[in-house]
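Residue numbers (this note's numbering): 3 to 291.
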């Protein structure tokens, strides 16, 4: 992509997604994602009903009256975006490509994070770790991330969610919030690494899919290509049986995916490329609040 065109695209996404994070997600993000834990704030005199385990014995001895430590939630988070860059994301028959929607969602989450003074980092993955951007704060850092998302060329076209989760578990030493953005077109089971990762971190899964993965139009003979393997074939979409089998396969996959997320206790949302992702994210945030 030409530099001027890339800068223009980055700016366009910044204007849209920063506006969304400021006007729509203000407060929602803050309440949906909790800090690392409780941090010491101050001491005050003991009041009836206070937990005796919070008594500060040093201050109590000095003033000859009981004082307790006051704690408050430590707000600052580290947010990691695990972004699928495999070949299947380069597909879209509705308003936009799956990859474009993933970029907009990721940028919106990133701007929401820096509004909250959180650090943001990124893992680009296919069936390998394509690139790791360590967490940092600030607008400049986010613009770099958006630029990478728009102009990134992966070495592989296949998907391995398991590998991305295992990398996340090993690389992030402190607890953080991790958003996995993918269409989850993965033949391997990733329940175990997802469960382990979610025990250490707070994992949220965001699935982006295209409506054609669910329903096929009746348009006669159609050439289809698997974007990850390159396998090519012709299918007869005028066959009602074929269209029903296609829908059933999608529904079965979705059910398996939902079971994986439920068993690993991971919050999740599925968004079609024809949907308004803002509504979907707001619903997800409200469920968590």
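Built from N, CA and C at the ideal position, the CB exists for glycine as well.
Going by C-alpha positions, residue 87 is about 12 Å away from residue 93. Counting only runs that start and end inside the region 138-171, the alpha helix (DSSP H) elements of at least 4 residues fall at 141-153. Around the beta carbon of residue 64, fewer than 16 other beta carbons sit within 10 angstroms, so the residue counts as exposed. Across the structure, residue 199 and residue 170 are spaced so that their CA atoms are roughly 7 Å apart. Rounded to whole angstroms, residue 172 and residue 163 show a C-alpha spacing of 15 Å. In the structure shown, residue 179 adopts extended strand secondary structure according to DSSP, grouped into three states. Separation of the CB atoms of residue 179 and residue 271 is rounded to 15 Å, and the pair is thereby denied contact status at 8 Å.
The alpha-carbon separation between residue 140 and residue 107 amounts to approximately 18 Å. Judged by DSSP in its simplified three-state form, residue 184 adopts strand.
If the five residues before and after residue 204 are omitted, its C-beta is found closer than 6 Å to the C-beta atoms of 179, all from its own chain and listed in chain order. Nearest to residue 183 by alpha-carbon distance, out of 150, 273, 248, is 273.
A Cβ-Cβ distance of about 5 Å is found for the pair residue 262 and residue 193, placing them in contact under the 8 Å criterion. Residue pairing for residue 234: DSSP places it in a beta bridge opposite 227. Using a Cβ distance threshold of 9 Å, residue 225 and residue 235 count as a contacting pair. In the DSSP annotation of this structure, the continuous segment of the alpha helix (DSSP H) that includes residue 110 starts and ends at 100-117.
Counting along the chain, the unbroken beta strand (DSSP E) around residue 124 starts and ends at 121-127. Taking a contact to require three or more Cβ pairs closer than 8 Å, the region 117-132 and the region 41-58 do not qualify as touching. A direct Cα-Cα distance of roughly 7 Å separates residue 252 from residue 215.
Residue 102 and residue 70 have their alpha carbons spaced roughly 52 Å apart. Straight across, the Cα-Cα distance linking residue 219 with residue 202 is about 43 Å.
For residue 270, the three-state secondary structure derived from DSSP is strand. When DSSP states are grouped into helix, strand and coil, residue 282 belongs to the helix group. DSSP, reduced to helix, strand and coil, places residue 209 within a strand of the structure shown.
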